[in-house]
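Position 144 (the sequence shown) corresponds to 992 in this note's numbering; numbering is contiguous. C-beta atoms are modelled at their ideal positions from N, C-alpha and C, and glycine is treated no differently. Notes to accompany the following structure.
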Amino acid sequence: MLNLIFFGAPGAGKGTQAKKVCEKFNLIHLSTGDILRAKIADKTEMGILAKSYMDKGELVPDDVILKMVENVIKSHPKSNGFIFDGFPRTIPQAEAFDIMLANLNMALSDVIHLKVDKDELIERLKKRAELENRKDDSNISIIENRIVQYIEKTAPVKEYYSNQGKLRKVEGIGDVDEIFEKVVEAIS
Ligand code: B4P
């Protein structure tokens, strides 16, 4: 089983690369952002709660995310593995995920960290706002808040996985197909 985490700031290209890698290795793409957006579109109770955080560029509470991830994993008992795209995003999520994986008799293979500088991130998210009408890309203060949340709450997760010897850094600026080749090389 190949279980990968795609890690990076908002707009680093996690979703873009995760889709391509899932296709190559026949993995399940588990994007917490995509699942939350689907719940918002369906106006479920969880969706309404998530929207109140996401529209401000805040992170959704850990307990909501963890339950959601566990449910998706359990609904694919025969998969070749998963790409966890945008999860874990906090140290408590990472710690709880280790316990969850052990309980499910699964192991994490690699954490792919896509590195992109702040100016490029902001440009990409502003462009995506025009193309996809995402509320959390819609103004610069929400984008800035997502980057602040990333620096304060998500960036420490890098060290957590570096200490486990699982972190693989990949330069995330440039042509999408060239980055994809580097991501595939980084998978151990
Ligand atoms: P996500 O859906 O994960 O949104 P994101 O961080 O912006 O990443 P995404 O995957 O969409 O962007 P990508 O880099 O692929 O999260 C949205 C929100 O959900 C969070 O802010 C939070 O509120 C909540 N949430 C999700 N997971 C959570 C968790 N675990 N805990 C708590 N809350 C959670 O792509 C960005 C853009 O760049 C795209 O338009 C793409 O086309 C473009 N791009 C990609 N690669 C490029 C390249 N090489 N060159 C130029 N452009 C490129």
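Under 8 Å by Cβ, that's how I've got residue i and residue j pegged, so tell me the actual separation to the nearest angstrom.
| i | j | result |
| --- | --- | --- |
| glycine 929 | asparagine 851 | 5 Å |
| isoleucine 991 | isoleucine 970 | 6 Å |
| glutamate 906 | glutamine 997 | 6 Å |
| isoleucine 1035 | leucine 956 | That belief does not hold up - the Cβ atoms of isoleucine 1035 and leucine 956 are roughly 12 Å apart, past 8 Å. |
| lysine 872 | valine 1018 | Not quite, the Cβ-Cβ distance comes to about 15 Å (not below 8 Å), so this is no contact. |
| arginine 800 | proline 858 | Outside the shown range of the chain, which is 849 to 1036, sits residue 800, and nothing can be said about it. |
| phenylalanine 861 | isoleucine 1027 | Residue 861 is actually glycine in this sequence, not phenylalanine. Confirmed, about 7 Å. |
| isoleucine 921 | leucine 952 | 6 Å |
| methionine 805 | methionine 849 | No statement about residue 805 is possible, as the shown extent of the chain runs from 849 to 1036 and does not include it. |
Please confirm if residue i has its CB atom under 8 Å from at least one CB of chain E.
| i | result |
| --- | --- |
| isoleucine 913 | Checking the listed chains, one finds no chain E in this structure; it contains a single protein chain. |
How would you write the range of the alpha helix (DSSP H) that residue i sits in, first residue to last?
| i | result |
| --- | --- |
| glycine 881 | 880-889 |
| aspartate 910 | 910-922 |
| serine 1010 | 1004-1011 |
| alanine 866 | 862-873 |
| arginine 994 | 988-997 |
Three-state secondary structure (DSSP) at residue i?
| i | result |
| --- | --- |
| glutamate 943 | helix |
| lysine 1017 | strand |
| glycine 895 | helix |
| valine 964 | coil |
| aspartate 903 | coil |
| aspartate 958 | strand |
Which residue comes first and which comes last in the beta strand (DSSP E) that contains residue i?
| i | result |
| --- | --- |
| phenylalanine 930 | 929-933 |
| isoleucine 1035 | Element bounds for isoleucine 1035: n/a, residue is neither H nor E. |
| isoleucine 853 | 850-855 |
**Report entry** Three or more C-beta pairs below 8 Å linking the stretch 982-991 and the stretch 899-912
**Finding:** The stretch 982-991, when compared against the stretch 899-912, does touch it at the 8 Å Cβ threshold.
Query raised in the report: Do three or more CB pairs link the stretch 1003-1020 to the stretch 949-967 at distances below 8 Å?
Result: yes
Requested in this report: Count the C-beta pairs between the stretch 907-927 and the stretch 868-886 that are closer than 8 Å, then say yes if the count reaches three, no if not.
Outcome: Under the 8 Å Cβ criterion, the stretch 907-927 counts as touching the stretch 868-886, having at least three qualifying pairs.
Report task. Report yes or no: do the stretch 939-946 and the stretch 882-895 share at least 3 C-beta pairs separated by less than 8 Å? Result -> no
Query - Inter-stretch contact at 8 Å, needing at least 3 Cβ pairs: the stretch 973-980 / the stretch 866-875 - result: no
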